[in-house]
Amino acid sequence: MVTLQLNRVSARYGRRPVLEEITTPCFQGGQVVALLGPNAAGKSTLFRRVLGLLKGEGKVIISGTSAEHPVGYMPQDTGAKAVLTVYESVLLARMQGRGLKVQAEDLTQVDRALEELSITTLGERDIGDLSGGQRQLVSAAQALVQEPEILMLDEPTSALDLNRQISLLTVLRRLADERQMLILVALHDLGHALRFADAAMMLENGRLIACGPTAEVITPALLRQVYRVSARIEPCSKGQPQLIVEAAI
Amino acid sequence: MTTDTRMTETAVTDRLSQGRAFYHSQVFRRQMILAALVLALFFSLCIDLALGPARYSLGEVVAALFTPDSVSQQARIIVWEIRMPVALMALVVGASLSVAGAQMQTILSNPLASPFTLGISAGASFGAALGLAFGVALVPAAIEFVVPINAFVMAMFTAFLIHALSLKRGVTVETIVLLGIAMVFIFNSLMALIQFFASQEAVSAVVFWTMGSLTKATWPKFWIALSILALSMPLLARHGWALTAMRLGDAKAESMGVNPRALRLEVLVLVSLLAAIAVAFVGTIGFIGLVGPHIARILLGEDQRFFLPGSALCGALILSVGSVISKIIIPGTIIPIGIITSLVGIPFFLFLVLSHKKASW
Numbered sequence: 001m002v003t004l005q006l007n008r009v010s011a012r013y014g015r016r017p018v019l020e021e022i023t024t025p026c027f028q029g030g031q032v033v034a035l036l037g038p039n040a041a042g043k044s045t046l047f048r049r050v051l052g053l054l055k056g057e058g059k060v061i062i063s064g065t066s067a068e069h070p071v072g073y074m075p076q077d078t079g080a081k082a083v084l085t086v087y088e089s090v091l092l093a094r095m096q097g098r099g100l101k102v103q104a105e106d107l108t109q110v111d112r113a114l115e116e117l118s119i120t121t122l123g124e125r126d127i128g129d130l131s132g133g134q135r136q137l138v139s140a141a142q143a144l145v146q147e148p149e150i151l152m153l154d155e156p157t158s159a160l161d162l163n164r165q166i167s168l169l170t171v172l173r174r175l176a177d178e179r180q181m182l183i184l185v186a187l188h189d190l191g192h193a194l195r196f197a198d199a200a201m202m203l204e205n206g207r208l209i210a211c212g213p214t215a216e217v218i219t220p221a222l223l224r225q226v227y228r229v230s231a232r233i234e235p236c237s238k239g240q241p242q243l244i245v246e247a248a249i
Numbered sequence: 250m251t252t253d254t255r256m257t258e259t260a261v262t263d264r265l266s267q268g269r270a271f272y273h274s275q276v277f278r279r280q281m282i283l284a285a286l287v288l289a290l291f292f293s294l295c296i297d298l299a300l301g302p303a304r305y306s307l308g309e310v311v312a313a314l315f316t317p318d319s320v321s322q323q324a325r326i327i328v329w330e331i332r333m334p335v336a337l338m339a340l341v342v343g344a345s346l347s348v349a350g351a352q353m354q355t356i357l358s359n360p361l362a363s364p365f366t367l368g369i370s371a372g373a374s375f376g377a378a379l380g381l382a383f384g385v386a387l388v389p390a391a392i393e394f395v396v397p398i399n400a401f402v403m404a405m406f407t408a409f410l411i412h413a414l415s416l417k418r419g420v421t422v423e424t425i426v427l428l429g430i431a432m433v434f435i436f437n438s439l440m441a442l443i444q445f446f447a448s449q450e451a452v453s454a455v456v457f458w459t460m461g462s463l464t465k466a467t468w469p470k471f472w473i474a475l476s477i478l479a480l481s482m483p484l485l486a487r488h489g490w491a492l493t494a495m496r497l498g499d500a501k502a503e504s505m506g507v508n509p510r511a512l513r514l515e516v517l518v519l520v521s522l523l524a525a526i527a528v529a530f531v532g533t534i535g536f537i538g539l540v541g542p543h544i545a546r547i548l549l550g551e552d553q554r555f556f557l558p559g560s561a562l563c564g565a566l567i568l569s570v571g572s573v574i575s576k577i578i579i580p581g582t583i584i585p586i587g588i589i590t591s592l593v594g595i596p597f598f599l600f601l602v603l604s605h606k607k608a609s610w
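Order-wise, the sequence lines are chains A and B.
For the record, in the first sequence the residue sitting at position 101 is 101 according to my numbering, with numbers rising by one throughout.
One rule links them: number in my numbering = place in the second sequence (from 1) + 249.
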């Protein structure tokens, strides 16, 4: 089973440190890990550091995999306007590093990724014509089609309507459960994190403030400190923890 | 299994095969378009070979091509020795400029990028003008090669200057395009300066060179240009998927495992070479590098498996048709090809862009 562990991982832009000595427990395939923190806390930077796009001190330890590129990544929406259909754009994510010839298996994986995210009907559309939410789902399909063992998604729900948010997170939960993927997802909605994630990492100013089971990370005290809100967490009638935000302070 | 589940599963399979069926039909359509372009190119080449002071029918040209012994010696010599290098040069130069433009547009994510707008053509013109006006040889060479070699050296110099500046920290693709435009203005001023000091004869030679002309094509020049094109195409094709990914933006390309900076540098060097060779041999033909790729994009989309050969074919076809038109507008006079491609090509291009319903950039 694939595992990921960060050991004193740092990164800087020029001289400015943007990640400072992040150390995590060993995350395993089958887990959904929520990456939390206010804007500019270093969430995207952490993803880029794990992918190796940024260099820095410390070690990113990925083991239990034989794949050459075990990590799939969905960056924040960039709104590209290439003359490509959705199908082509997902296929091209699949084909990176695989030679020019498209095999039947590649098309099967494209079909599967589109189906997984319920966007099969978008296949023929030009990517330039999509709404922000649709683009985000296509972007998720592009990450998924590479059959990663570790999937990292940077705010995948930010442009989605409520139905699509829940659907996408349900899909991610299922991918973790059924395919034993390790999923790291940056989220702004802490309610979603409480519901879907097994573990959470709370970042602030490039430092890891808290890391552990989601319910132990998302606490009123930490929300007051990091997000500067007063909030409480109470179980609903079905026993699931709910976040109730009272005010900004 | 209940009937309901079965129905849902059938629906799912249908939808899946629908997506794939559309993809297959799209691939087939594009293969047909490429085949049609090849056919049109052959047709245009034959007409180009038939036209000139001595006119031949298409039948005679085809006979001279495939069974040279069946036509007169004069026809054989005119078609093979005089017109063929020029006609083939049109194809290779057209293809080179168009591919160079296509990849500049791709890696810089800018619809205005081309050898012309990045200053590579202007650099070449300046090099050529130095040779034509003052006999300056930037690299020691036989007198007949001074002008093309000067042009080539300055084109590569411009390209490397842009590369060097683009490696500086904080330089974005927009800055690179701005640098290119700045180069165009600098070289244009330098050209004006040369023309101010040069003799009347030299000025007309410079002006004629900058108009672009295929008439100086010879077999050796053709083989040089062809070998550069033939070497570059597989190197670019090797990066096909990565180049397509570049159009989704650097962040997206990176997420797919592409290294945008390294790819941009490699491709920029390659296409600068392509453009420099083309411009050095035939002068400035500005329109092809800009428009060839746009027409290919409208016809074939931006999947490089089709876009790359499509750009080459569109560029070759435009220049070949331009060559035909340059011979028939005033019988007996060959108007410089650079004038024709812009004059005839731009209205055609505008028509294509304006009548195309989907966004083409």
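Even glycine gets a Cβ: it sits at the ideal position worked out from N, Cα and C.
Residues of chain A with CB under 9 Å from residue i, in chain order?
i	result
residue 305(B)	The premise fails here: residue 305(B) is roughly 41 Å from chain A at the closest Cβ pair, so nothing lies under 9 Å.
residue 404(B)	Those do not exist, as residue 404(B) stays about 29 Å from chain A at its closest Cβ, beyond 9 Å.
Identify the contact partners of residue i in chain B, using a Cβ-Cβ distance below 7 Å as the criterion.
i	result
residue 114(A)	268
residue 123(A)	268 and 271
residue 4(A)	None at all; the shortest Cβ gap to chain B is about 17 Å.
What residue from the options has the CA that sits closest to residue i's CA?
i	options	result
residue 135(A)	178(A), 170(A), 90(A) and 110(A)	90(A)
residue 223(A)	213(A), 238(A), 204(A) and 40(A)	204(A)
residue 508(B)	488(B), 370(B) and 523(B)	488(B)
residue 496(B)	556(B), 531(B) and 437(B)	556(B)
residue 72(A)	61(A), 94(A) and 83(A)	94(A)
residue 286(B)	565(B), 585(B) and 584(B)	565(B)
residue 547(B)	407(B), 269(B), 282(B) and 435(B)	282(B)
residue 214(A)	230(A), 192(A) and 225(A)	192(A)
residue 501(B)	242(A), 189(A) and 96(A)	96(A)
residue 552(B)	64(A), 240(A), 86(A) and 180(A)	86(A)
residue 595(B)	571(B), 580(B), 610(B) and 583(B)	571(B)
residue 375(B)	540(B), 558(B) and 440(B)	440(B)
Which residues in chain A have a C-beta closer than 8 Å to the C-beta of residue i? List them in chain order.
i	result
residue 330(B)	The contacting residues do not exist; residue 330(B) stays about 38 Å from chain A at best.
residue 587(B)	Here the premise fails: no neighbours, minimum Cβ distance about 28 Å.
residue 551(B)	82, 83 and 84
residue 494(B)	92, 93 and 96
Strictly below 7 Å CB to CB, what residues from chain A border residue i?
i	result
residue 503(B)	53
residue 486(B)	100
residue 546(B)	83
Can you grab the Cα-Cα spacing for the pair residue i / residue j, in whole Å?
i	j	result
residue 378(B)	residue 427(B)	24 Å
residue 358(B)	residue 331(B)	41 Å
residue 399(B)	residue 279(B)	40 Å
residue 432(B)	residue 367(B)	7 Å
residue 251(B)	residue 32(A)	For residue 251(B), the predicted structure reports a pLDDT of 48, less than 50, and the residue's modelled location is therefore unreliable. The matter cannot be settled from this model.
residue 304(B)	residue 577(B)	11 Å
residue 40(A)	residue 225(A)	16 Å
residue 180(A)	residue 498(B)	31 Å
residue 510(B)	residue 113(A)	29 Å
residue 583(B)	residue 454(B)	16 Å
residue 216(A)	residue 37(A)	15 Å
residue 384(B)	residue 401(B)	16 Å
residue 506(B)	residue 274(B)	29 Å
residue 235(A)	residue 241(A)	4 Å
residue 142(A)	residue 311(B)	50 Å
Looking at residue i: is its Cβ nearer than 8 Å to the Cβ of residue j?
i	j	result
residue 338(B)	residue 478(B)	no
residue 6(A)	residue 42(A)	no
residue 176(A)	residue 166(A)	no
residue 300(B)	residue 573(B)	yes
residue 186(A)	residue 153(A)	yes
residue 232(A)	residue 218(A)	no
residue 351(B)	residue 373(B)	no
residue 605(B)	residue 517(B)	no
residue 560(B)	residue 541(B)	yes
Counting only Cβ pairs nearer than 9 Å, list the residues of chain B close to residue i.
i	result
residue 87(A)	268, 269, 271, 272 and 275
residue 198(A)	Here the premise fails: no neighbours, minimum Cβ distance about 24 Å.
What in chain B is Cβ-close to residue i, meaning under 8 Å?
i	result
residue 75(A)	500, 501, 503 and 504
residue 95(A)	490
residue 69(A)	506
Inset, instruction - Could I get the ranges of all uninterrupted beta strand (DSSP E) runs contained in the segment 261-307 of chain B, with 3 residues as the minimum, in chain order? - result: none
Legend entry - Residue ranges of each alpha helix (DSSP H) within the segment 317-382 of chain B, 4 or longer: 322-326 and 333-357
Legend entry - 4-residue-minimum alpha helix (DSSP H) runs that sit fully inside the segment 118-163 of chain A, ordered along the chain: Positions of the alpha helix (DSSP H) runs, each at least 4 residues long and wholly inside the segment 118-163 of chain A, are given as 132-144 in order along the chain.
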